[in-house]
Amino acid sequence: MAARKSAAKSNTSKEELLNYYREMLLIRRFEEKAGQLYGMGLIGGFCHLYIGQEAVVVGLEAAAEEGDKRITSYRDHGHMLAAGMDPKGVMAELTGREGGYSKGKGGSMHMFSREKHFYGGHGIVGAQVPLGAGLAFADKYKENGRVTFTYFGDGAANQGQVYETFNMAALWQLPVVFVIENNQYAMGTAQKRSTSTPQLHTRGKAFGIPGETVDGMDVLAVKAGGDKAVAHCRSGKGPYILEVMTYRYRGHSMSDPAKYRTREEVQKMREERDPIEHVRELIVQGKHASDDDLKAIDKEIKAIVNEAAEFSKESPEPALDELWTDIYAEEVPQTA
Ligand SMILES: Cc1ncc(C[n+]2csc(CCOP(=O)(O)OP(=O)(O)O)c2C)c(N)n1
Ligand SMILES: [Mg+2]
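Numbering (the UniProt record's numbering), first residue to last: 1 to 336.
Here is the structure:
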């Protein structure tokens, strides 16, 4: 892989780098395994993999504090793992089993964890954006200093409800970081075919929302951008837009004919810009770990993912009477 410069390289500690490596590798291996289970017919319905985009969520989670919230689209497994959700519960939800986060009734796009402040998992393009502002509104109301990361794609950035949300979030100065994961495609449509102004971080200008763009294949750049965005929101200055330039290696979902881009384009990104290889290089260059140490981490991650896959096969299917549960809220949650 070609050597890359990284802005924050010099002052990143060994622990931090190894942590990024571990977290991104967990997402990558988990997603590869999910792809395999899908191929074996163990996962039904939709399944959108996050492979290639790992540095986005790992960098931003490093900028988050305990109690901060996150909400995203259907491309959500990486966000759950980075938020600290249990890989077993996530994988078992993918296979539709009782041990899954939604007891096997939600699937890939519909998982939540109040404990980890992860609010889904949303299949309707852009729908999570106003919900994210709502979460931030609750925090502002409670004056608890929390920030909400509201993730959406470049395609979703052209949705009407995003701009209604920008207006209200700016009007009410809500502590929300709008993270636009610009992977350059919305299903099979390249950004240049759909988008009149491709600089998505400037989309808040009309509402007075500042924004910037960062390299989403470089976890250190994402972390630095995240720190700035979070500081802005936490200090009471209102929303911030962070456009993160990234790339997905796999198809839009598991059923993608992949005719809208060349193999060479994908190959080039994998070879020259891979976010995990990048951190691996920094670790090796800085002599923070030997090849054997890195191999041990790879093994450890593989074991976690294999265990999750086993659990997702062994956990039973939900009982039929589960059809009648979790339909209406039994209590209105009153969180502090
Ligand atoms: C309102 C709505 N319109 C269309 C779809 C079908 N659809 C699902 S994903 C998608 C593309 C979204 O692309 P982007 O926001 O860039 O996210 P990415 O998949 O690249 O992560 C579309 C059009 C949908 N789910 N909801
Ligand atoms: Mg996209």
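No residue lacks a Cβ here, since even glycine has one placed at the ideal position from N, Cα and C. Note that this is a predicted model, so its numbers are computed, not measured.
CA nearest to the CA of Thr325, picked from Lys105, Thr12, Asp292, Tyr141: Checked all of Lys105, Thr12, Asp292, Tyr141; the closest Cα to Thr325 is Lys105.
Exercise for the section: Following the continuous alpha helix (DSSP H) through Asp139, name the residue where it begins and the one where it ends. Expected result: DSSP places Asp139 inside the alpha helix (DSSP H), whose first and last residues are 128–142.
Closest by C-alpha distance to Leu25, when choosing among Lys142, Gly160, Met40, Gly78: Gly78
Compute the distance between the beta-carbons of Ala55 and Asp218, then report whether it is under 8 Å.
yes
Practice problem: Mind checking which residues open and close the alpha helix (DSSP H) that includes residue 392? | Solution: No information on residue 392 is available, as it lies outside the stretch 1 to 336 that the chain covers here.
Margin query: For ligand 1, is there any heavy atom lying closer than 7 Å to the beta carbon of Val147?
Written below: no
- request: State the CB to CB distance for the pair His252 and Met187, rounded to an integer number of angstroms; the pair is presumed to be in contact (CB under 8 Å).
  value: 5 Å
Exercise. By a C-beta neighbour count over all protein chains shown, 10 Å radius and 16 as the cutoff for buried, is Ser73 buried or exposed?
Worked result: buried
Alpha carbon to alpha carbon, how far is Ile276 from Tyr21?
6 Å
Should Ala303 be labelled buried (16 or more other beta-carbon atoms within 10 Å of its own) or exposed? Label assigned to Ala303: exposed.
Considering only C-alpha positions, which residue in the set Glu98, Asp215, Met80 is nearest to Glu115? Met80
Requested in this report: Tell me whether Tyr185 counts as near ligand 2, meaning its Cβ is closer than 7 Å to at least one heavy atom of that ligand.
Outcome: yes
For the segment 188–195 and the segment 139–150, state whether three or more C-beta atom pairs, one from each stretch, are separated by less than 8 Å. A contact is defined here as three or more CB-CB pairs under 8 Å, and the segment 188–195 fails this definition with respect to the segment 139–150.
Check your understanding: In the DSSP assignment, what residue or residues form a beta bridge with Arg70?
Key -> Phe118, Phe149
Using the Cβ count rule (16 or more neighbours within 10 Å means buried), how would you classify Ile327? exposed
Which residues mark the beginning and the end of the alpha helix (DSSP H) in which Asn19 is found?
14–39
- Query: Helix, strand or coil: how does DSSP classify Ala2 here?
  - Reply: Any answer about Ala2 is weak, because its pLDDT of 46 lies below 50 and its placement is not dependable; what the coordinates show is given next. Shown here, Ala2 sits in coil according to DSSP, grouped into three states, outside any helix or strand.
- Starting from the C-beta of Glu16, find all residues in its chain whose C-beta is less than 8 Å away, skip the five residues before and the five after it, and write them out in chain order. Ala62
Quiz item: In this structure, does DSSP put Asn183 in helix, strand or coil?
Solution: coil
**Report entry** Rounded C-alpha distance that separates Ala82 from Asp76
**Finding:** 10 Å
Practice prompt. To the nearest angstrom, report how far apart Ile27 and Tyr38 are at their CA atoms.
Written response: Roughly 16 Å between the two C-alpha positions.
Which full runs of the alpha helix (DSSP H) of 4+ residues lie inside the segment 146–234, going along the chain?
160–171, 191–194, 219–234
Thinking C-beta only, is Tyr240 closer than 8 Å to Pro210?
A contact, by the Cβ cut-off of 8 Å.
Contact test: residue 365 Cβ vs ligand 2 heavy atom, cutoff 7 Å
Nothing about residue 365 can be reported from this structure: the residues present for the chain run from 1 to 336 only.
**Prompt:** From Asp86 to Asp321, what does the alpha carbon distance come to, in whole angstroms?
**Reply:** Taking the straight line from one Cα to the other gives about 25 Å.
Below 8 Å, how does it come out for the segment 121–136 and the segment 164–183: are there three or more Cβ pairs, yes or no?
Contact holds: three or more Cβ-Cβ distances are below 8 Å.
Measure from the alpha carbon of residue 338 to the alpha carbon of each residue in Asp256, Gln285, Thr246, then state which is nearest. Since the first and last residues shown for the chain are 1 and 336, residue 338 lies out of range.
Q.
For ligand 1, is there any heavy atom lying closer than 7 Å to the beta carbon of Phe152?
A. yes
Distance, His117 Cα to Gly96 Cα:
22 Å
Note to self: According to DSSP, residue 337 sits in a beta bridge with which residue or residues?
What the structure shows: This structure cannot speak to residue 337, because the chain is shown only from 1 to 336.
Within the chosen definition, does the segment 220–238 reach the segment 177–187 through at least 3 CB pairs nearer than 8 Å?
-> The segment 220–238, when compared against the segment 177–187, does touch it at the 8 Å Cβ threshold.
So, helix, strand or coil for Leu94, using DSSP? helix
Residues that DSSP places opposite Glu264 in a beta bridge: Its beta-bridge partners do not exist; DSSP assigns none.
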